[in-house]
Amino acid sequence: MDAAQDCIFCKIAAKRTQASIVYEDDLFVAIEDASPQAPVHILVIPKKHISEIKDITSGDEELIKKWFWVAVQVASERGLDKAGYRTVVNNGAGGGQTVGHIHIHLLSGRKFSWPPG
Ligand code: AMP
Ligand code: ZN
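Under this note's numbering, the first residue of the sequence shown carries the number 13, and numbering increases by one thereafter.
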C-alpha cells in the first residue's frame, strides 16, 4: 500500500480525517496539534507525503523554502512575533518523531528551556 494512503497527515490534507485547520493553501495545511505542548501548538504540514527530512530531495527545494515561510507567516498572523516562538522538526524515532510525515511544530505562549528535553 502507498505510504500516503495510511498516513494521518495525508488523510488530514485530503480531508479524509477531521482536524482543526488554521491555514491552508495548495501546498500546505497547518493544524492545531491534538496534544498541545504549549498554549499555541500548530503543525505546519506539506501536503506532499515526505516521511522524514532525510527524504527531502533536490526537487523539493522550493517546497521546503515555502514550508518554513508558511510557518513564519502563521506565527506572524497569530501575533507571536513579539513574544517569540519555537519551531521544531523532529527526525526519526531517535529524534522524537512519532508521525512519519514531515511537519514543523510551531510552539508559543510559554517559556521554553534549553537544552530541549
Ligand atoms: P512528532 O512526534 O514530532 O512526529 O509530532 C507529531 C505530532 O502530531 C504530535 O505532537 C501529536 O500530538 C500530533 N498529532 C498526531 N495525530 C494528530 C492528529 N490527528 N491531529 C492533530 N495532531 C496530531
Ligand atoms: Zn503523509
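We put the CB at the ideal spot given by N, CA and C, even for glycine. Treat the numbers as computed from the prediction; the structure is a model and nothing was measured.
{"Asked": "Thinking just about the alpha-carbon of each residue, which of D93, V84, S120 is nearest to the one in D45?", "Found": "S120"}
{"Asked": "Is it right to say A31 is buried, meaning 16 or more other beta carbons lie within 10 angstroms of its own, or is it exposed?", "Found": "buried"}
{"Asked": "Which residue marks the beginning of the beta strand (DSSP E) containing V52, and which one marks its end?", "Found": "52 to 58"}
{"Asked": "Is F21 helix, strand or coil by DSSP?", "Found": "helix"}
{"Asked": "Looking at C-alpha atoms only, which residue of I57, Q17, I33 is the closest neighbour of L39?", "Found": "I57"}
{"Asked": "Are V82 and A42 close, meaning C-beta to C-beta below 8 Å?", "Found": "yes"}
{"Asked": "For the beta strand (DSSP E) that V41 lies in, which residues bound it at each end?", "Found": "40 to 44"}
{"Asked": "Could you tell me which of P51, L55, A95 sits nearest to H113, measuring between CA atoms?", "Found": "L55"}
{"Asked": "Could you tell me if the beta carbon of H117 falls within a distance shorter than 7 Å of some heavy atom in the ligand ZN?", "Found": "no"}
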